[in-house]
Structure formats: C-alpha cells, structure tokens
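Remarks on the structure that follows.
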Amino acid sequence: MFILRLHFRFIMAVSSLVWHSPFGHHWPLSRLQIRWQRKALSLWIKKEGTGSLTREAYIMPSIRWSISHLKRGLHATQIHRQEVMLTSERYGVQRLPFAHVSSTDLSFFEHLMPGRVITDLDELKPFNVDWLKSVRGCSKVLLKPRTTAEISEILRYCNERNLAVNPQGGNTGLVGGSVPVFDEIILSTALMNQVISFDNVSGILVCQAGCVLENLNQYLEQLDFIMPLDLGAKGSCHIGGNAATNAGGLRLLRYGSLRGTVLGLEVVLADGSILNCLASLRKDNTGYDLKQLFIGSEGTLGVITAVSILCPRKPKAVNLAFLGCPGFSQVLRTFTTCKGMLGEILSAYEFMDNKCMKLVEQHLKLANPVAETSGSNSAHDEEKLSHFLERVMASDLVVEGTLASEDKKIKALWALRERITEALTYDGFVYKYDISLPVEKLYDLVTDMRARLGRNAKNVVGYGHLGDGNLHLNITAESYSHSLLEAIEPYVYEWTSQYHGSISAEHGLGFKKKHYIYYSKPQEAVLLMQQFKALLDPKGILNPYKTLPVKAV
C-alpha cells in the first residue's frame, strides 16, 4: 500500500499537493466519496497499553515537531545515549597536516568575541555529533560570531595559522557534512539570526545566514508571504545551511530550487575576504553568476553569512489530500492524472510506503487518518479538486483517503510524512540514501534492495518527493554493520548510475558520499570542481574531508 498526499494551496493562482501513504484503518471509498466535503477529520488513536482503537475528533496534541524538539527526545532513549564512534576510527581517515589550536589562538578568539568562545567539552558534545548519531568529531573549540566582520577576522587568522574550520548551521545534515572529522574549529552561525530587510512589493527577503527557517516563515506569514522552501528540519535548520547544501524539501515542485529563488549571497572566503554579491534583483546579467558556486558547496568554498531570497505570497487557503494507492503503478498514474487536472494548483506530490507508516505508528504512536474534512475558500479550486478525486476513485487508482483544509489538521497530516526520519532513528542504525531517478524507476530500487539484503536488514523503506523524482531510501539495522554497508554500497550507487540518476538529490555529499561522486559526475567535472576549491581555498582549511575526493597528486 502507498499513501498519497495532495496539497492544494489556494491563492489567485491556486497550488496543491499530493501524498502517497498507507492507511491501517479507513472508510470504504464509497463512503469517503459521499462524505468528502462535510465530515471533520478523525483519527484512530491507539490507547496506551491496549490493542484497541478509539475514534476521536482530531486528537493529535503537540504534533508540530521540529528537529530541535526531537534532538532532546532522542537523547533520552537508550540507543541515543550510546557513545558514537569517532568518524576517523570508523572510516579509517588520516588527519591532514593542519595546525593544532594553541592557547595563543584561544586568546585571539576570546579578544575578538568575548564570552563566545566555547571550550567546555560537555558543551561541545552536541556540536561534534550529527543528529543521526552516525558521525562524531573531536573539536575542542566552538566559535559563535555575530557579524560578517567577525567571521572575516576568524578566517583570516585561521588561514594564516593553517587551522581547519568546520562551518556549522543547525547541524541537521544527513551526510556528515556539518560536524568535524577531527579537531577542526567549529564556526557556528547560530547568533547570526537577524532579518536585514524585506520588500513587501517584490517579496525579497535579506537576512543573516543563521536565521532558522521556521522563524523566517513565521515572520513572513505575518506579512502575507512564505519561504519558498519547507523542510522537516525547519525548526532547527539555518537558511545559510539550506543554501550551502542547496536543500530541496516539500515546496520544490511549486517554487523551484534555491538555485532559482536565492538572488544573492554574502560569503566570506578562506582568506577572510568578503564577497558581497547580496543582490536584491531578479534580473542581473553582468558577468558570471558567482553565487551559484557557493549554493550546494557545503561550506568548502566559503562561509555564507547572508542571503537574499525571493519569497512567494502566502496562499489564502490550502487543501491536503492523503490518499492510499494499492501499488506504485497506481501512484504514478494518479500523479499523471493529478498533473493534468490540477496543474496550476499543485504545490507538492509526496509518497511514502506502508513500511514507513508502520514505523511512524510503532515508534511515534501516531495514527492513520480515517475520515475527511473540507473548507476550501475557492469555488474554482474546489471544483477542480472534486473532479480530480472523482476521476481517481472511479478508476480504482485510489482506494482510501482523507482530505484536510484546516491548518491544524493539515499540520497533523504533514507530521506523518515529516517525522518518518525521526521514526527511523528509533528503529536502529540508519543507512540513508537520497537518490533522484526517472519517476517510473523510483520504487524499483527499494524492492531490489529488499531482495538483495533480505534478513540482514531490519527494514528497507522508501518515501520522498515523487513530484521531482527524489527517493529517500532508508535501511535500518539493530546496530552499525560494516558487512551490511558493503552489501549496500556501492551497489546502490551503481544501480542509480545505471538509470542515469543522481546519488544525491538534495542532501549533498558531505563526508559520507564524497568518494561516490563519480557515479553522477564525469571525471572532467570533478577535476574542475577541485580546481575551484584550490583557487578559493588553497590551504584547504574550509570543511576539510567533505564534498570532494582528495585530488591525486
């Protein structure tokens, strides 16, 4: 069973979203069709300690989770109290010949930023470990600058001293790119969290890189705008980190990638020089578009300190359909129908398989939706949605589902999708793969991996952004297993390359995937990237061991 999620955003030109997701308990389709417009959203809630089910009118308290909330919760479980093996030991990495931080260095930093130089080992622990608890460094220094000028001074000094630096935003990355491998100085943008300006005519926002994505969205919503991207990690991730990793997320189908919505960047280079390309123009065709070098560079070419980004108007109303399909072929046919009938109002089309839903139920005690709700403010969009639903139900593409238009109920449904990553962390050690493929091949990789791994894996699940051909393949085991990793890699990358896909659709390469870049990029392209790196960071101090394989001498 697959679950569809259809998101319909209503403004002058309406947008919508589709999701694929499994339902354990549901009404028959005929009842769904008859009562689609008038029933309130209901959820089956499992009572604590019993196998019985009770039906209540929208009971899902505190469902609006963010990564910052989950971090605290995850630390309370036994699996997350276990010490994470050092990255250098697990992967056999050799430290490059960078200098070690001295007392003189600490004095310089303390003089530059009094009270914002952290050396306490307990305080440093969460900055040394990724939130998945899969990689760990051993940095002894955390710096918290507030201004671009301070970052400039830090990098100028570190470049002269040959001190390696690990830029860090919200530390929500999934490929080990946001934490040190050895003792690199952690440069946090957490205190660079100010909005610089917003133009409510053009919709252009300029802000510091440390602004949290969810905070920016809340700020904009008060002005009738929204951010052009939305992520499960929005409660912790920083906009600078989003740009540095070219984060995709849930709104890409409607608003495009950050390569299109980011209009300008301010970046500090390795030698401390400030590159001010913080344009607030939608059209600027003067020379090379330098900002594109830094979008997706994962902090290896420079430290992003400010962002100019184009923000769309806030939708006046949103409808979200959460639909169940019997198989992936029906998911694809529903998508084709959806694009044809809802093209201008479709904002996202997400899918998750039945195993994902079971993990969310098992580990997070969330429940499957069983009824429907309504509340569209647009007769035009309501009519389009009604015709679409009638079509897919009559053709047996969809066998069950629920519809929501009220904000709280939409967020409750979205939580089922956004919290899959959290549920997976409770299932054991997670091997994560972020793949883009032709949509017709998207789920074949999941079924192939299940057959290949058999009982060696605890769970093999697939979910993601079907609207832009992005699969999140996740494999869990009771604990880390090198033999299981060898069974997965490089097979998963060879499979992806065979169908001309990308081994990283939106997460980046970071530390974990840099050696596999050749499955997606030709040698000539990688060589040119290495030349850019050597030009902008000749000593290699910025986020070493990440993104690119070491250039052969």
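Under the numbering used here, residues 2 to 554 are what the sequence shown spells out, in order.
Glycine included, C-beta positions come from ideal geometry on N, C-alpha and C.
Just so it is clear, the structure is predicted and the values come from calculations on it, not from any experiment.
* Reduced DSSP secondary structure (H/G/I, E/B, other) of residue 530 -> helix
* Every unbroken alpha helix (DSSP H) inside the segment 326 to 358 [4 residues or more] -> You should have 329 to 343.
* Asked: Taking the C-alpha atoms as reference points, what is the distance between residue 295 and residue 244?
  -> Each residue's CA atom was taken as its position, placing residue 295 and residue 244 some 8 Å apart.
* **residue 329 versus 270, 360, 345, 443, residue with shortest Cα-Cα distance** => Comparing Cα-Cα distances from residue 329 to each of 270, 360, 345, 443, the minimum goes to 443.
* Roughly how many angstroms lie between the CA atoms of residue 190 and residue 484, to the nearest whole one? -> 38 Å
* Asked: Which same chain residues, not among the five before or five after residue 461, have their C-beta less than 7 Å away from its C-beta?
  -> Contacts found: 447, 450, 451, 454, 476.
* Is residue 463 closer than 9 Å to residue 339 when the C-beta atoms are compared? -> no
* Asked: Who does residue 314 pair with in a DSSP beta bridge?
  -> DSSP output for residue 314 lists 226 as bridge partner(s).
* Would residue 325 pass as a contact of residue 399 if the rule is Cβ separation under 9 Å? -> yes
* Reference residue 228, options 316, 182, 304, closest by Cα -> 316
* Asked: Between the segment 481 to 500 and the segment 402 to 421, are three or more C-beta pairs nearer than 8 Å?
  -> Short answer: they don't touch.
* According to DSSP, residues forming a beta bridge with residue 434 -> Beta-bridge pairing links residue 434 to 474.
* To do: Determine, using beta carbons only, whether residue 100 and residue 163 come nearer to each other than 9 Å.
  => yes
* Give every residue of the same chain whose Cβ lies closer than 8 Å to the Cβ of residue 500, excluding the five residues on either side of it in the sequence, and list them in chain order. => 438, 439, 442
* Asked: Roughly how many angstroms lie between the CA atoms of residue 117 and residue 214, to the nearest whole one?
  -> Approximately 23 Å, taken between the alpha carbons.
* Option in 489, 93, 390, 256 with minimal Cα separation from residue 342 -> 390
* Can you check the segment 196 to 222 for any beta strand (DSSP E) of at least 3 residues that lies completely inside it and give the ranges in chain order? => 196 to 200, 205 to 209
* Can you name, in chain order, every residue of its own chain whose Cβ lies under 7 Å from the Cβ of residue 154, other than the five neighbours on each side? -> 113, 273
* Is it right to say residue 51 is buried, meaning 16 or more other beta carbons lie within 10 angstroms of its own, or is it exposed? -> Its pLDDT being 31, under 50, residue 51 is placed unreliably in this model, and the coordinates cannot settle the point.
* To do: Report yes if the C-beta distance between residue 533 and residue 176 is below 9 Å; otherwise report no.
  => no
* residue 285 versus residue 264 - alpha carbon distance -> 9 Å
* To do: Specify the secondary structure class of residue 360 as computed by DSSP and reduced to three states.
  => Note: residue 360 maps to helix in three-state DSSP.
* To do: Could you check what DSSP says for residue 95 in three-state terms: helix, strand or coil?
  => Residue 95 falls in the coil class under three-state DSSP.
* Entirely enclosed beta strand (DSSP E) segments - the segment 142 to 189, minimum 3 residues -> 166 to 169, 186 to 189
* To do: Count the CB pairs spanning the segment 122 to 129 and the segment 139 to 146 that are closer than 8 Å, and state whether there are at least three.
  => At 8 Å Cβ cutoff, the stretches touch.
* Asked: How many angstroms separate the CA atom of residue 351 from the CA atom of residue 197?
  -> 34 Å
* How big is the Cα-Cα spacing for residue 61 and residue 367? -> Caution applies to residue 61, whose pLDDT of 24 falls short of 50 and renders its modelled position unreliable; the value that the coordinates give is listed next. Rounded to whole angstroms, residue 61 to residue 367 spans 8 Å at the Cα level.
* Asked: Which residue's Cα is closest to the Cα of residue 344: 254, 405, 478?
  -> 254
* Going by Cα to Cα distance, which pick from 170, 105, 433, 201 is closest to residue 236? -> Selected option, being the one with the closest Cα: 170.
* **Nearest-angstrom Cα separation, counted from residue 266 out to residue 278** => 5 Å
* Distance CB(residue 556)-CB(residue 304) smaller than 9 Å -> An answer regarding residue 556 cannot be provided, because it is not within the stretch 2 to 554 covered by the chain.
* To do: Sort 292, 433, 480 by Cα distance to residue 504 and report the nearest one.
  => 433
* Looking at the structure shown, is residue 544 part of a helix, part of a strand, or coil, going by DSSP? -> coil
* Asked: CB residue 246 to CB residue 516, shorter than 9 Å?
  -> no
* Which of the three DSSP states, helix, strand or coil, is assigned to residue 275? -> strand
* **Alpha-carbon to alpha-carbon, residue 401 and residue 24** => Confidence at residue 24 is low in this model, with a pLDDT of 33, below 50, so the placement of that residue should be treated as unreliable; the coordinate-derived value is given next. Each residue's alpha carbon lies about 8 Å from the other.
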